[in-house]
Amino acid sequence: MKDLSDGELLRAHYLGRRGTFTELVTRHQRALLAHARGILGPGSVYEDVVQEVFLRLTRERLVLSVEAGGGPEGERKQLQAWLHKVTRNACMDIIRSESRRRARENERASREGFAGGLELVEERDTIAAVERELERLADDQREVLSLRLIAERSYREIAEITGKKVGTVGWLVSEGLKVLGERLAPALALDPRGMPSAPSPTERPRAMDGGSR
-19 MKDLSDGELL RAHYLGRRGT FTELVTRHQR ALLAHARGIL GPGSVYEDVV QEVFLRLTRE
41 RLVLSVEAGG GPEGERKQLQ AWLHKVTRNA CMDIIRSESR RRARENERAS REGFAGGLEL
101 VEERDTIAAV ERELERLADD QREVLSLRLI AERSYREIAE ITGKKVGTVG WLVSEGLKVL
161 GERLAPALAL DPRGMPSAPS PTERPRAMDG GSR
């Protein structure tokens, strides 16, 4: 089966030919594991993410467009692009879910302590507002800001994950913070100039708890 292209393997798998999907996994799993681990960090659920990506590939019956040109190599690139896009989106969902989980834990801890009620409500509303506005950003801005502000990755790590230059990452963070400040100011009665400035590209943020950086 090693002589079959990715497109041929995928079509054969959908027709029920045994062993074809195993060959596809063998070809692409290592790169996807590295991608997911780079976003989520070691000791995380990145292996589960990749497994779910392959399961989704079996369910969705992806059609690779031969008409797009490129022959077998073009099909391979299409499949790679799809796999990495789904992997990245799944990882970003986990990062956002982890952020919400920590917010709920902080809320529960505050309630158990019977203190900080007003501050708690304000913090919860702020987190919800930030998450809403993050979703409205352009894809590249949303990704780098989520990695920077939620996953607390360094500029260099974000550059490696996204394939962008460090300078581009810094610019996207700076512009994204500016947009967030302008959009959040009316809702939260904030001065947009009070939004945090983009940290230095050489600054290394603290690591997240629980291994999900």
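If you're matching positions, the sequence shown starts at -19 in our numbering and goes up one per residue.
Every residue, glycine too, gets a C-beta built ideally from N, C-alpha and C.
Report the option in the options whose CA atom is closest to the CA atom of residue i.
{"i": "T2", "options": "Q58, R136, F34, A109", "result": "F34"}
{"i": "L37", "options": "V124, Q58, S134", "result": "Q58"}
{"i": "A165", "options": "L12, E115, A109, S154", "result": "A109"}
{"i": "T0", "options": "L114, R10, K(-18), E115", "result": "K(-18)"}
{"i": "G54", "options": "L114, E(-12), I74, K158", "result": "E(-12)"}
Please state the DSSP three-state secondary structure of residue i.
{"i": "L42", "result": "coil"}
{"i": "S77", "result": "helix"}
{"i": "R10", "result": "helix"}
{"i": "G(-4)", "result": "coil"}
{"i": "V25", "result": "coil"}
{"i": "M72", "result": "helix"}
{"i": "D(-17)", "result": "coil"}
{"i": "A16", "result": "helix"}
{"i": "R(-9)", "result": "helix"}
{"i": "G143", "result": "coil"}
{"i": "R133", "result": "coil"}
Measure the beta-carbon distance from residue i to residue j and round it to whole angstroms, keeping in mind my assumption that it falls under 8 Å.
{"i": "A70", "j": "V29", "result": "5 Å"}
{"i": "R41", "j": "I130", "result": "The pair is not a contact, with the Cβ atoms about 33 Å apart (cut-off 8 Å)."}
Using 7 Å as the threshold, is the C-beta distance between residue i and residue j below it?
{"i": "L206", "j": "R136", "result": "This structure cannot settle anything about residue 206, because the visible part of the chain is limited to -19 through 193."}
{"i": "H8", "j": "L63", "result": "yes"}
{"i": "I141", "j": "G18", "result": "yes"}
{"i": "E67", "j": "A139", "result": "One point to set straight first is that residue 67 is Thr, not Glu, in the sequence displayed. No, they are not a contact pair."}
{"i": "L160", "j": "E113", "result": "yes"}
Exercise. Check whether the segment 119 to 126 touches the segment 148 to 167, taking contact to mean three or more Cβ pairs, one atom from each stretch, closer than 8 Å.
Key: The segment 119 to 126, when compared against the segment 148 to 167, does touch it at the 8 Å Cβ threshold.
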